[in-house]
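A.B. asks:
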Amino acid sequence: MKKELTAGTKSIPAAHEMNFAGKLRELVNRTLPSECQIQTTQDAWYVGAIGALCVTFLFPPAVAAAAYCVYRAKKEGGGR
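Converting from the sequence shown to this note's numbering requires adding 390 to each position, the first position being numbered 1.
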């Protein structure tokens, strides 16, 4: 008699999927005044750079992540 193995957990319905970046952006935008809210991808990359710089106090190699975020923000933005 062979036993069948089931792999991991059952699939999650699409209705319960969370868009983590969207939820995080909504949370940040709720706490900021209207002129400081994240509205473009360039703004989101700059917020990521600020977050990476905060992490560098605990994990110094995160400076590379901050530099990458600034690079992507500059690349996304063009001229304002």
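Here a beta-carbon is modelled for each residue, glycine too, at the ideal position from N, C-alpha and C.
Could you check whether A439 and A456 sit closer than 8 Å to each other, using their CB atoms as the reference points?
C.D. replies: The residue labelled residue 456 in the question sits at position 66 within the sequence shown. The residue labelled residue 439 in the question sits at position 49 within the sequence shown. Contact flag set, yes.
A.B. asks: Hey, how far is the Cα of V453 from the Cα of Y436?
C.D. replies: On the sequence shown, position 63 is the one that residue 453 refers to. On the sequence shown, position 46 is the one that residue 436 refers to. The straight-line gap from Cα to Cα measures roughly 13 Å.
A.B. asks: Tell me whether C459 is buried or exposed, calling it buried when 16 or more other Cβ atoms sit within 10 Å of its Cβ.
C.D. replies: Within the sequence shown, numbered from 1, the residue matching residue 459 stands at position 69. Buried, since its Cβ has 16 or more Cβ neighbours within 10 Å.
A.B. asks: From T430, K413, P450, E416, pick the residue whose C-alpha is nearest to that of K501; which is it?
C.D. replies: Because the chain spans 391 through 470 in this model, residue 501 falls outside it and cannot be assessed.
A.B. asks: Since L443 is in the alpha helix (DSSP H), which residue starts that stretch and which ends it?
C.D. replies: Indexing the sequence shown from 1 puts residue 443 at position 53. Per DSSP, L443 belongs to the alpha helix (DSSP H) from 431-445.
A.B. asks: So, using beta-carbon positions, are A463 and Q427 closer together than 8 Å?
C.D. replies: For the purposes of this step, residue 463 is taken as residue 73 along the sequence shown, with counting starting at 1. For the purposes of this step, residue 427 is taken as residue 37 along the sequence shown, with counting starting at 1. Not a contact, by the Cβ cut-off of 8 Å.
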